[in-house]
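Read through the structure below, which is laid out as structure tokens, and then see the notes.
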Amino acid sequence: MSVLSDTTLNPLLLQSELSVEQEAAEWEVNEINKKPEYMIPKLLHKIAYPNNTLGLPLICPRDRRSTTLEILWEYRKLFYRLERIVVAGVGVEHDDFLRHTKRYFGNFRE
Numbered sequence: 089m090s091v092l093s094d095t096t097l098n099p100l101l102l103q104s105e106l107s108v109e110q111e112a113a114e115w116e117v118n119e120i121n122k123k124p125e126y127m128i129p130k131l132l133h134k135i136a137y138p139n140n141t142l143g144l145p146l147i148c149p150r151d152r153r154s155t156t157l158e159i160l161w162e163y164r165k166l167f168y169r170l171e172r173i174v175v176a177g178v179g180v181e182h183d184d185f186l187r188h189t190k191r192y193f194g195n196f197r198e
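If you count the sequence shown from 1, position 29 lands on 117 in the numbering used here, and the numbers rise without skipping.
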């Protein structure tokens, strides 16, 4: 739980890592667009579910690849809020889980 809380509460958003991920996304999209077996289901979903999230592609659209660190920090500021975070556990003692959650997430500041 310490790793989960650290990456959630104290993220390191680095330009070098963002650049690597943007290049990887670009390569992935280019590869997928070359393969009809991936494109046909994508097009069928778009036709079958117009104006619906089910019809949206699962791959990163080109306009999203212009994401900047500023956009990521704004996203975090908007969505990583105390009232939006849920910490859930399965197969653990409730009291232990609650104690660890308070320990690792108790200092959450927006």
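All residues carry an ideal CB built from backbone N, CA and C; glycine is no exception. From a predicted model like this one, the values you see are computed outputs, not experimental measurements.
Enclosing alpha helix (DSSP H) for N121 [first to last residue]: Locating residue 121 in the sequence shown gives position 33, counting from the first residue. Residues Q103 to N121.
Continuous alpha helix (DSSP H) stretch holding T95: start and end: For the purposes of this step, residue 95 is taken as residue 7 along the sequence shown, with counting starting at 1. Here the alpha helix (DSSP H) through T95 covers S90 to L97.
Beta-carbon gap between L160 and L101 smaller than 8 angstroms: Residue numbering aside, residue 160 sits at position 72 when the sequence shown is read from its first letter. Residue numbering aside, residue 101 sits at position 13 when the sequence shown is read from its first letter. In this structure, L101 lies closer than 8 angstroms to L160 by Cβ.
Span of the alpha helix (DSSP H) around I128: Looking up residue 128 in the sequence shown gives position 40. Counting along the chain, the alpha helix (DSSP H) containing I128 begins and ends at P124 to A136.
Reduced DSSP secondary structure (H/G/I, E/B, other) of Y168: Taking the sequence shown and counting its residues from 1, the one referred to as residue 168 is at position 80. Coil.
Meets three-Cβ-pair contact criterion under 8 angstroms: the stretch 135–155 and the stretch 175–185: no
Opening and closing residue of the alpha helix (DSSP H) in which R187 lies: Against the sequence shown, residue 187 aligns to sequence position 99. That run of the alpha helix (DSSP H) goes H182 to F193.
8 angstroms Cβ cutoff met for L92 and F196: As a working mapping, residue 92 is identified with position 4 in the sequence shown. As a working mapping, residue 196 is identified with position 108 in the sequence shown. No.
Beta-carbon proximity of P149 to K130, cut-off 8 angstroms: Against the sequence shown, residue 149 aligns to sequence position 61. Against the sequence shown, residue 130 aligns to sequence position 42. Against a cut-off of 8 angstroms, the Cβ pair of K130 and P149 comes out as no contact.
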